[in-house]
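My numbering puts the sequence shown at residues 1 to 493. We put the beta carbon where it would ideally sit given N, CA and C, even for glycine. Small disclaimer: the values here were computed from a predicted structure and weren't measured. Working notes, beginning with the structure itself.
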Amino acid sequence: MNDLVRIAPQDAVTVALHPLKAGENAGWNGGTLALREDIPMGHKAALRDIRKGEAVIKYGYPIGEATEDIPAGAHVHTHNLRTLLSGEKEYAWHPMHPQTRKTETAVFQGYPREKGRPGIRNELWIVPTVGCVNDVAKTLAQRAQKLAGGSVEGVYAFPHPYGCSQLSEDQENTRKVLADLATHPNAGGVLLLGLGCENSGIAQIRPYMGDYDESRVRFLICQEAEDELEAGMKLLEELAERMRSDRRQPCGADQLVIGLKCGGSDGLSGITANPAIGIFSDLLTGMGGTTILTEVPEMFGAETILMNRCENEELFGKTVQLINNFKRYFEASGMPVYENPSPGNKAGGITTLEDKALGCTQKSGSSPVKGVLAYAEKAAEAGLNLLSAPGNDLVASTALAASGAQMVLFSTGRGTPFGCPVPTVKIASNTPLAERKRNWIDFNAGVLLDGKTLEEIGAELMRFVLDTASGKQTRNEVNGFHDLAIFKKGVTL
Numbered sequence: 001m002n003d004l005v006r007i008a009p010q011d012a013v014t015v016a017l018h019p020l021k022a023g024e025n026a027g028w029n030g031g032t033l034a035l036r037e038d039i040p041m042g043h044k045a046a047l048r049d050i051r052k053g054e055a056v057i058k059y060g061y062p063i064g065e066a067t068e069d070i071p072a073g074a075h076v077h078t079h080n081l082r083t084l085l086s087g088e089k090e091y092a093w094h095p096m097h098p099q100t101r102k103t104e105t106a107v108f109q110g111y112p113r114e115k116g117r118p119g120i121r122n123e124l125w126i127v128p129t130v131g132c133v134n135d136v137a138k139t140l141a142q143r144a145q146k147l148a149g150g151s152v153e154g155v156y157a158f159p160h161p162y163g164c165s166q167l168s169e170d171q172e173n174t175r176k177v178l179a180d181l182a183t184h185p186n187a188g189g190v191l192l193l194g195l196g197c198e199n200s201g202i203a204q205i206r207p208y209m210g211d212y213d214e215s216r217v218r219f220l221i222c223q224e225a226e227d228e229l230e231a232g233m234k235l236l237e238e239l240a241e242r243m244r245s246d247r248r249q250p251c252g253a254d255q256l257v258i259g260l261k262c263g264g265s266d267g268l269s270g271i272t273a274n275p276a277i278g279i280f281s282d283l284l285t286g287m288g289g290t291t292i293l294t295e296v297p298e299m300f301g302a303e304t305i306l307m308n309r310c311e312n313e314e315l316f317g318k319t320v321q322l323i324n325n326f327k328r329y330f331e332a333s334g335m336p337v338y339e340n341p342s343p344g345n346k347a348g349g350i351t352t353l354e355d356k357a358l359g360c361t362q363k364s365g366s367s368p369v370k371g372v373l374a375y376a377e378k379a380a381e382a383g384l385n386l387l388s389a390p391g392n393d394l395v396a397s398t399a400l401a402a403s404g405a406q407m408v409l410f411s412t413g414r415g416t417p418f419g420c421p422v423p424t425v426k427i428a429s430n431t432p433l434a435e436r437k438r439n440w441i442d443f444n445a446g447v448l449l450d451g452k453t454l455e456e457i458g459a460e461l462m463r464f465v466l467d468t469a470s471g472k473q474t475r476n477e478v479n480g481f482h483d484l485a486i487f488k489k490g491v492t493l
């Protein structure tokens with residue numbers, strides 16, 4: 001087995017597949033390299049002498065500039081490499097004309113809905129319109145656990161601090177996300193719970209819900225009920241009774257919408273887990289299904305790859321706007337655009353935002369970009385979509401669920417336990433993490449380093465997704481972790 005791997009033929013660095021010591025002659029996929037320094041797992045070693053001021057190449061693209069002369073075999077990281085990114089850029093479309101590779105369709109066992117896509121879960125959700133009724137929602141969820149069982153696969157509340165004292169875009173975002181959850185296919189029944197005096201109450205949210213199945217949604221304004229807990233339980237019992245007759249039935253994989261996200265990444269994420277997700281994405285879109293890639297700030301440095309994969313010039317223009325709008329958001333707040341990667345990313349071997357972005361975008365596979373979505377906009381185009389949302393794990397994952405994802409694939413090199421409103425599949429980039437945190441991790445992509453191919457792992461991930469869509473619980477579901485976070489930009493009154 002190799003000790004190091006060079007990802008692209010033109011790369012000036014290799015990545016350590018396990019911890020390496022100074023003085024070792026480390027094998028890589030092209031020979032051996034005498035190491036001058038210790039190289040932690042996931043970190044980079046210079047494959048040749050790199051001059052001060054020279055662009056350092058990884059994934060076949062620059063990941064930054066050397067701040068000093070770096071000899072072959074030396075550790076390449078934050079002490080001798082800096083980002084080349086700065087400010088907004090002018091972009092030109094250089095279309096690559098990728099093609100969706102048609103693949104044989106697959107089937108999962110889901111819950112057909114009268115309106116919209118099938119659900120992969122049949123859960124009873126309590127969605128508060130405002131933070132003032134969070135504790136009412138949580139109390140109702142506790143009392144309603146007796147309703148779970150059979151076709152009612154769980155009862156969950158989704159508290160949040162918003163819904164009032166918000167202005168402009170923040171208020172719109174809250175209304176859209178809550179409406180998206182109230183009409184999500186994974187919810188066989190929804191109680192939308194309001195207070196009665198908030199800015200984004202039931203009357204304001206209902207128009208955002210569109211053409212929904214009225215038999216599966218109930219509304220309660222707490223200020224208008226003599227006993228909101230008693231009234232809420234009665235409505236939840238009605239919804240549960242409606243759900244009892246629901247049964248899983250064969251559904252085509254073309255009806256799946258899967259969100260793609262990474263967090264707590266390490267230097268192996270862009271070599272194992274993210275490319276495996278990319279293989280899965282190509283397989284699903286080849287079946288007519290839909291994938292959604294988000295965390296826009298972590299596209300910075302690799303955005304031109306996505307832009308050039310846009311199916312047409314209009315989508316290219318939307319992607320440019322997607323990128324530049326996020327840069328302006330940082331600048332308007334007086335914040336640095338490129339304050340990334342995180343301390344955990346750096347500890348795992350990721351040095352610059354370009355390094356992180358080139359690994360992050362591996363999740364998109366090689367298929368064309370078919371859609372570009374605003375925050376909380378539901379995916380309508382089959383194929384790969386790009387979604388406006390920040391990099392924060394729970395905020396981005398919630399955004400994917402709001403855009404219609406029935407499941408989120410979440411790759412990680414360091415591990416995380418959270419779950420968003422939909423099943424959140426944790427995919428480890430390395431085997432030590434998968435073995436150490438079995439209570440968090442669902443799927444181990446680190447087996448790539450043991451000899452499996454990316455194509456094999458991608459096909460296994462497809463089978464795992466179909467099993468999960470058919471009812472297999474993820475670790476976050478087993479642990480009872482379901483959370484919601486709405487993106488906030490502006491003033492709170």
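Is it right to say residue i is buried, meaning 16 or more other beta carbons lie within 10 angstroms of its own, or is it exposed?
| i | result |
| --- | --- |
| G53 | exposed |
| N71 | What sits at residue 71 in the sequence shown is Pro, not Asn. Classification for P71: exposed. |
| L293 | buried |
| K346 | buried |
| A399 | buried |
| E241 | exposed |
| P185 | buried |
| C262 | buried |
| N173 | buried |
| K426 | buried |
| E313 | exposed |
| K234 | exposed |
| V491 | exposed |
| R436 | exposed |
| T129 | buried |
| S333 | exposed |
| N439 | exposed |
| H79 | exposed |
| P336 | exposed |
| G150 | exposed |
Is residue i helix, strand or coil when you go by DSSP?
| i | result |
| --- | --- |
| Y162 | coil |
| S411 | strand |
| K102 | coil |
| F326 | helix |
| N345 | helix |
| G359 | helix |
| A148 | coil |
| V320 | helix |
| L35 | coil |
| T174 | helix |
| T139 | helix |
| A332 | helix |
| G451 | coil |
Are residue i and residue j closer than 8 Å when you measure CB to CB?
| i | j | result |
| --- | --- | --- |
| M299 | I271 | no |
| E295 | P390 | yes |
| P423 | E460 | no |
| N29 | N2 | yes |
| G413 | S265 | yes |
| R113 | D254 | no |
| N308 | P95 | yes |
| V133 | A144 | no |
| G194 | L220 | yes |
| L167 | L493 | yes |
| Q223 | G196 | yes |
| G344 | G267 | no |
| V372 | T453 | no |
| L4 | A16 | yes |
| P62 | L84 | yes |
Could you give the residue range of the alpha helix (DSSP H) that holds residue i?
| i | result |
| --- | --- |
| E460 | 454-469 |
| T183 | Counting along the chain, T183 falls outside any alpha helix (DSSP H), and DSSP gives it neither H nor E. |
| V56 | Looking at the DSSP string, V56 is not in any alpha helix (DSSP H); the run it does join, the beta strand (DSSP E), is 55-58. |
| K44 | Here K44 belongs to no alpha helix (DSSP H); instead the beta strand (DSSP E) covers 44-46. |
| A402 | 393-402 |
| P432 | 431-436 |
| I221 | Premise fails: I221 lies in the beta strand (DSSP E), 217-221, not in any alpha helix (DSSP H). |
| V499 | Residue 499 is absent from the model: the chain starts at 1 and stops at 493. |
| A203 | 202-205 |
| E65 | Run containing E65: none in the alpha helix (DSSP H); it sits in the beta strand (DSSP E), 61-66. |
| N479 | 475-479 |
Could you spell out the range, first to last residue, of the beta strand (DSSP E) harbouring residue i?
| i | result |
| --- | --- |
| N25 | 25-28 |
| Y212 | Y212 -> no beta strand (DSSP E), and no H or E assigned at all. |
| A376 | Here A376 belongs to no beta strand (DSSP E), and DSSP marks it neither H nor E. |
| T424 | 424-428 |
**Study point:** Ranges of the beta strand (DSSP E) found wholly within the region 226-313, counting only runs of at least 3
**Key:** Correct list: 249-252, 257-262, 290-293.
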